[in-house]
Ligand code: DTB
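As structure tokens, this is what we get:
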């Protein structure tokens with residue numbers, strides 16, 4: 002299977018909008034060749050710093066620019082709080098994050114963090130702490146981006162991705178559909194992702210969860226088949242990347258989720274909550290995977306992703 006990095010946007014848009022049956026067939030052939038066992042990785046998210054974020058991403062309930070800002074802290078166990086306090090005393094919140102990464106890695110799990118922009122030095126320190134992957138999404142097309150975020154440019158996001166890559170950390174980079182974008186924007190996002198060389202090792206595809214108090218609260222839910230199309234096209238473009246069926250699964254019925262798995266999704270977030278919103282419970286996900294007949298990926302070492310830490314295990 003040839004891995005390309007020279008996809009044109011029109012080529013991608015043609016893939017994306019072709020008859021669904023043809024798109025699925027093509028995606029399945031790529032998926033079956035690249036992942037013959039239909040192994041699905043389970044990743045768990047933990048929000049270790051919730052709310053109060055300076056960025057103004059229109060979809061996000063954690064932005065201090067929106068009334069939805071969830072500034073409150075969940076109740077935590079004593080020891081983790083003390084561990085974080087010690088780390089904060091000894092340095093800064095960034096040091097605390099490094100300590101968490103080290104701790105997750107010591108448990109034999111892979112660790113992924115999402116914490117916004119990074120400097121070269123920060124990327125280097127995260128690499129030294131053993132970070133497996135860094136999640137930093139492009140969210141949407143370069144053209145639609147300005148309607149969603151004003152506090153950071155697309156270019157700044159690309160630069161952070163470059164820093165993460167240079168530090169030797171794998172990339173988790175994807176986007177969100179259902180934010181008022183059109184097919185050309187979806188193709189535009191996928192074109193940027195698919196023309197990164199190497200491709201991001203992990204590509205989360207999210208459907209907007211329209212949270213009250215965010216600027217996007219009134220947007221209608223995305224048609225599940227649009228998510229299936231996005232997953233299938235990502236799979237065709239990036240055969241060897243993990244395509245992660247991310248936010249919005251609670252709004253999908255079992256059959257739509259199985260279509261996403263067929264279309265090439267090979268990772269899901271597992272556990273009752275994502276960062277601030279709900280996720281299908283563990284029992285229903287076990288039933289889902291069993292009904293689909295896919296196997297859970299058993300890795301010797303797995304990742305655990307505002308900053309969010311994800312333990313994949
Ligand atoms: C990603 O693309 N999706 C995950 C992960 N990266 C960190 C987060 C989804 C969050 C959904 C909204 C919430 O729960 O706050």
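Residue numbers (this note's numbering): 2 to 314. Note that beta-carbon positions come from the ideal geometry of N, C-alpha and C, so glycine has one too.
Starting from the C-beta of residue i, find all residues in its chain whose C-beta is less than 8 angstroms away, skip the five residues before and the five after it, and write them out in chain order.
i	result
residue 220	179, 180, 181, 209 and 211
residue 198	6
residue 157	118
residue 65	52, 53, 54, 55 and 72
residue 376	Residue coverage of the chain in this structure runs from 2 to 314, which leaves residue 376 outside it and unanswerable.
residue 41	262, 266, 267, 268, 269, 290, 295, 296, 297 and 298
residue 126	95 and 99
residue 284	none
residue 196	6, 7 and 8
Kindly list the residues whose CB is nearer than 6 angstroms to the CB of residue i, restricted to its own chain and excluding five residues on each side of it in sequence; keep chain order.
i	result
residue 306	For residue 306, the predicted structure reports a pLDDT of 46, less than 50, and the residue's modelled location is therefore unreliable. A value from the coordinates is still provided. Within the same chain, residue 306 has close Cβ partners 46, 113, 115 and 136.
residue 124	164, 165 and 168
residue 223	178, 179 and 208
residue 228	208
residue 75	Low local confidence applies: a pLDDT of 49 at residue 75 is under 50, so the model's placement there is unreliable, and no value is given.
residue 154	none
residue 151	57
residue 301	With a pLDDT of only 48 at residue 301, under 50, the local geometry of the prediction cannot be trusted, and the value read off the model is given with reservation. Contacts found: none.
residue 293	259 and 262
residue 1	Because residue 1 is not part of the residues shown, which for the chain are 2 to 314, the question remains open.
Could you spell out the range, first to last residue, of the alpha helix (DSSP H) harbouring residue i?
i	result
residue 225	225-238
residue 44	It is not in any alpha helix (DSSP H) - residue 44 instead sits in the beta strand (DSSP E) that spans 40-48.
residue 34	21-35
residue 324	A question about residue 324 goes unanswered here, because the residues of the chain that appear run from 2 up to 314.
residue 103	94-107
Output the boundary residues of the beta strand (DSSP E) element that contains residue i.
i	result
residue 210	Segment: none, residue 210 is in no beta strand (DSSP E) and carries neither H nor E.
Once you ignore the five residues that flank residue i on each side, which residues in its own chain have a CB closer than 7 angstroms to its CB?
i	result
residue 38	296
residue 103	130 and 131
residue 215	59, 60, 61, 62, 67 and 69
residue 251	279, 280 and 281
residue 162	137, 172 and 174
residue 36	267
residue 187	17, 178 and 231
residue 217	59, 60, 180, 209 and 211
residue 128	168, 169 and 170
residue 1	The structure shown has nothing for residue 1, since the chain only spans 2 to 314.
Looking at chain C, is there any beta carbon in it that lies within less than 7 angstroms of the beta carbon of residue i?
i	result
residue 226	The structure shown contains no chain C; it holds only a single protein chain.
Which residue spans inside the stretch 247-298 form an unbroken alpha helix (DSSP H) run of at least 4?
Entirely contained in the stretch 247-298, the alpha helix (DSSP H) runs reaching 4 residues are, in chain order, 255-264 and 283-293.
Completely contained alpha helix (DSSP H) runs for the stretch 115-187, where each covers 4 or more residues
Counting only runs of 4 or more residues that sit fully inside the stretch 115-187, the alpha helix (DSSP H) segments are 121-129, 143-146 and 155-167, in chain order.
Quick one: any contact between the stretch 16-33 and the stretch 140-158, if contact means 3 or more CB pairs under 8 angstroms?
Too few Cβ pairs lie closer than 8 angstroms, so no.
Meets three-Cβ-pair contact criterion under 8 angstroms: the stretch 225-239 and the stretch 263-272:
Three or more beta-carbon pairs drawn from the stretch 225-239 and the stretch 263-272 are found closer than 8 angstroms, and the two stretches are therefore classed as touching.
Taking contact to mean 3 or more Cβ pairs, one atom from each stretch, closer than 8 angstroms, check whether the stretch 9-20 and the stretch 189-197 are in contact.
Three or more pairs of CB atoms, one per stretch, sit closer than 8 angstroms, so the stretch 9-20 contacts the stretch 189-197.
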